[in-house]
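**Student:**
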Amino acid sequence: MPIDYSKWDKIQLSDDSDIEVHPNVDKRSFIRWKQQSIHEERAKRNQDIKNLEFQVQMNSRLNQRVDKMVGQLKNEDLLNRDVVRKFLNANFDKTERGEGDNVDPNMPPYNEMVEDLFEQLEINAKKANKDPKNGAVIREMIFEHRKKIDAVTEQAHERLKQLYKERASLISSDDIHTGFDKGFINKKSEKDDEEASKYLPSAKSTEVALPPPRLEFVNYEDDVMKLAPETIEFGNISVKDVKKSEQFLLNNLQIVSEQQKDALMMSAFEYQMENKSEKTYQTIHQSELLGYVREMYDMKKIPHLQAEELTSVIKLFFQRVFYNKASDQGKKSFLDSVQVKFEHIKNRVNVMQEEESQEGVETIQLKSLDESTELQVNLPQFGSEDPEELKRIAAFEKLPPKMQSAIKTQSLDKINEVFAEMPLEEAEVVLEIFNEGEIIGVNALLEDESEFRELQAQYRDQPSAEESDPSSVLEHNFENTVEINTSDVVD
1 MPIDYSKWDK
11 IQLSDDSDIE
21 VHPNVDKRSF
31 IRWKQQSIHE
41 ERAKRNQDIK
51 NLEFQVQMNS
61 RLNQRVDKMV
71 GQLKNEDLLN
81 RDVVRKFLNA
91 NFDKTERGEG
101 DNVDPNMPPY
111 NEMVEDLFEQ
121 LEINAKKANK
131 DPKNGAVIRE
141 MIFEHRKKID
151 AVTEQAHERL
161 KQLYKERASL
171 ISSDDIHTGF
181 DKGFINKKSE
191 KDDEEASKYL
201 PSAKSTEVAL
211 PPPRLEFVNY
221 EDDVMKLAPE
231 TIEFGNISVK
241 DVKKSEQFLL
251 NNLQIVSEQQ
261 KDALMMSAFE
271 YQMENKSEKT
281 YQTIHQSELL
291 GYVREMYDMK
301 KIPHLQAEEL
311 TSVIKLFFQR
321 VFYNKASDQG
331 KKSFLDSVQV
341 KFEHIKNRVN
351 VMQEEESQEG
361 VETIQLKSLD
371 ESTELQVNLP
381 QFGSEDPEEL
391 KRIAAFEKLP
401 PKMQSAIKTQ
411 SLDKINEVFA
421 EMPLEEAEVV
431 LEIFNEGEII
441 GVNALLEDES
451 EFRELQAQYR
461 DQPSAEESDP
471 SSVLEHNFEN
481 TVEINTSDVV
491 D
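By the UniProt record's numbering, the letter at position 225 of the sequence shown is numbered 225, and the numbering carries on one by one without gaps.
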């Protein structure tokens with residue numbers, strides 16, 4: 001096999017090679033100067049490459065933020081710093097910043113750099129005698145700034161290509177490794193070529209290939225109910241437009257998260273509380289799409305978002321569930337799951353609304369304070385000419401008809417049922433009428449004969465209209481023997 005010796009033409013040596021110098025110049029000193037010069041040029045070239053690579057990468061990160069913001073925010077939103085900040089933090093990692101050996105550790109995160117850009121644009125607008133409070137002016141200046149960044153990036157690409165070419169055209173002594181078992185291997189050159197390929201255009205394309213941007217799932221840990229703008233837009237897609245849902249997920253991989261799925265499902269409760277059942281079903285449908293795709297992705301046990309893997313999962317899910325002409329079982333199973341959750345939310349909202357309607361309703365119930373006594377319903381003697389009975393009859397007739405009917409049954413439970421249906425104010429009026437007409441009395445229960453004898457003796461000592469029957473029940477004042485309970489009725 002013929003041996004290619006051309007690579008030796010690229011060797012850049014600084015040792016005691018056969019070299020001619022001026023008689024007045026020390027040969028050893030000249031060689032040392034030459035060696036130092038080679039090392040300095042090499043170090044500077046490597047430093048320039050690292051700086052330019054970082055510049056290209058940083059511009060790419062900043063352009064991603066600016067492009068998304070200009071594409072989705074309105075002119076008036078661009079004037080509101082809070083809106084800009086919240087948008088950036090919702091769509092990009094707010095802690096992401098430049099990293100590397102040559103990067104200032106105090107360099108602000110990319111999101112803050114974009115925020116600072118707006119301050120600079122306002123200053124520039126004033127200098128150019130333009131209105132800094134006009135969103136259209138700010139948008140126009142952003143486009144101008146974007147063109148300048150693109151021009152700088154293009155210059156960086158050109159310079160990188162030149163530096164990569166210089167580095168590849170020279171082989172230093174550090175790159176040479178001999179050994180008959182391994183042959184001649186230029187490991188550094190291979191590594192450098194691989195690194196350079198990330199930043200330089202391929203042979204078939206004029207576009208610059210940059211390292212893929214870091215992408216994270218949307219996850220608002222401080223507010224689990226918060227929805228990203230993209231998730232809200234996804235939730236508004238009709239259940240009939242499945243292809244649109246698929247394409248939207250492919251373009252917004254970051255919303256396929258557990259937190260966003262749950263937050264979207266909770267928003268379905270809010271729609272149902274407003275009696276918007278169609279919107280409720282649509283929101284549940286979209287939430288289930290996120291849930292199914294996320295579950296399939298999690299089965300792969302990938303710790304971080306991998307765009308290619310997730311894209312493959314989304315396409316596979318829609319193909320099997322919605323586009324499978326051989327069987328509609330997948331679609332039926334999915335829609336059944338949506339319907340079950342829809343019915344659950346409807347039922348749960350009905351219960352919540354019932355509880356809310358009953359919450360805080362106070363009622364009055366009658367019961368005895370003492371376990372040794374029981375309440376007694378005393379009907380007035382209708383048709384009696386006794387003045388006291390006439391007063392009781394008049395009081396009775398003041399009561400609502402439903403309460404009169406309950407009293408005639410002489411059942412305390414029936415009376416309490418009518419009280420339960422009354423507003424508190426009306427029930428309190430009824431209690432006053434009860435007291436006026438002596439409707440409710442108290443029976444004292446005698447446990448044994450000795451207690452009866454003692455009671456009989458008391459009646460002999462204190463004669464009264466009632467002593468003719470000492471075994472009769474004792475009637476006590478209603479206000480002192482009835483406990484009035486006001487309680488909150490809760491289902």
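Where a beta carbon is used, it is the ideal one built from N, C-alpha and C, also for glycine.
Got a sec, what are the start and stop residues for the alpha helix (DSSP H) V103 sits in?
**Tutor:** Segment: none, V103 is in no alpha helix (DSSP H) and carries neither H nor E.
**Student:** Is the Cβ-Cβ distance between I149 and L121 less than 8 angstroms?
**Tutor:** Not a contact, by the Cβ cut-off of 8 angstroms.
**Student:** Specify the secondary structure class of L290 as computed by DSSP and reduced to three states.
**Tutor:** The answer is helix: DSSP assigns L290 an H, G or I state.
**Student:** Mind reading off the beta-carbon distance from G235 to S267? Whole number of angstroms is fine, and I expect it under 8 angstroms.
**Tutor:** G235 to S267, Cβ: 7 angstroms. Contact.
**Student:** Let me check one thing: in DSSP terms, what residues is E154 bridge-paired to?
**Tutor:** Note: E154 sits in no beta bridge, so no partner.
**Student:** Using the rule of at least 16 other Cβ atoms within 10 Å of the residue's Cβ for burial, across every protein chain shown, is P380 buried or exposed?
**Tutor:** Looking at its Cβ environment, which holds 16 or more other Cβ atoms inside 10 Å, P380 is buried.
**Student:** Assuming contact is defined by CB atoms lying nearer than 8 angstroms, are S245 and L289 in contact in what I supplied?
**Tutor:** Cβ atoms of S245 and L289: closer than 8 angstroms.
**Student:** Just curious, the alpha helix (DSSP H) that I407 is in, first and last residue?
**Tutor:** Residues P401 to K408.
**Student:** What is the rounded straight-line gap between the Cα of V62 and the Cα of L79?
**Tutor:** A quick correction: the sequence has Leu, not Val, at residue 62. Each residue's alpha carbon lies about 19 angstroms from the other.
**Student:** So, at 8 angstroms on beta carbons, what are the nonlocal neighbours of A203 in its own chain, with the 5 sequence-adjacent residues on each side left out?
**Tutor:** Below a pLDDT of 50, predicted positions are generally treated as unreliable, and A203, at 40, falls in that range; no measurement from the model is reported.
**Student:** Is the CB-CB distance between E216 and Q254 below 8 angstroms?
**Tutor:** Result yes, Cβ atoms of E216 and Q254 sit closer than 8 angstroms.
**Student:** Near Q353, what residues of its chain come up, given a Cβ to Cβ distance below 8 angstroms and the 5 sequence neighbours on each side ignored?
**Tutor:** Closer than 8 angstroms at Cβ, skipping near neighbours: M273.
**Student:** Starting from N435 and walking both ways along the alpha helix (DSSP H), at which residues does that stretch end?
**Tutor:** Per DSSP, N435 belongs to the alpha helix (DSSP H) from L424 to G437.
**Student:** Helix or strand or just coil, what does DSSP make of G441?
**Tutor:** Residue state, collapsed to three classes: strand.
**Student:** Excluding the five sequence neighbours on either side, which residues of its own chain have a C-beta within less than 8 angstroms of the C-beta of E166, listed in chain order?
**Tutor:** Cβ within range, chain order: R45.
**Student:** Tell whether a beta-carbon distance below 8 angstroms holds between R146 and V84.
**Tutor:** The answer is no: Cβ separation not under 8 angstroms.
**Student:** What is the DSSP secondary structure of V377, reduced to helix, strand or coil?
**Tutor:** If DSSP states are grouped into helix, strand and coil, V377 belongs with the strands.
**Student:** In three-state terms, what does DSSP make of T363?
**Tutor:** If DSSP states are grouped into helix, strand and coil, T363 belongs with the strands.
**Student:** Quick one: give me the first and last residue of the alpha helix (DSSP H) that P387 is part of.
**Tutor:** Residues P387 to K398.
**Student:** Taking 8 angstroms as the cut-off, does the stretch 215-233 touch the stretch 314-331 (at least 3 CB pairs, one atom from each stretch)?
**Tutor:** Judged by Cβ distances under 8 angstroms, the stretch 314-331 makes no contact with the stretch 215-233, as fewer than three pairs qualify.
**Student:** If you draw a straight line from the alpha carbon of P105 to that of E99, how long is it in whole angstroms?
**Tutor:** Going from the Cα of P105 to the Cα of E99 covers about 8 angstroms.
**Student:** Got a sec? Which residues, its chain only, sit under 7 angstroms from K414 by beta carbon, not counting five neighbours each side?
**Tutor:** Closer than 7 angstroms at Cβ, skipping near neighbours: A406.
**Student:** Would A136 be called buried (16 or more neighbouring beta carbons within 10 Å of its own) or exposed?
**Tutor:** Exposed: under 16 other Cβ atoms inside 10 Å.
**Student:** Measuring CB to CB, does I284 end up less than 8 angstroms from K341?
**Tutor:** Cβ distance < 8 angstroms, so I284 and K341 count as in contact.
**Student:** By Cβ distance, which residues of its chain are closer than 7 angstroms to K130, with the 5 residues on each side in sequence left out?
**Tutor:** Cβ within range, chain order: V137.
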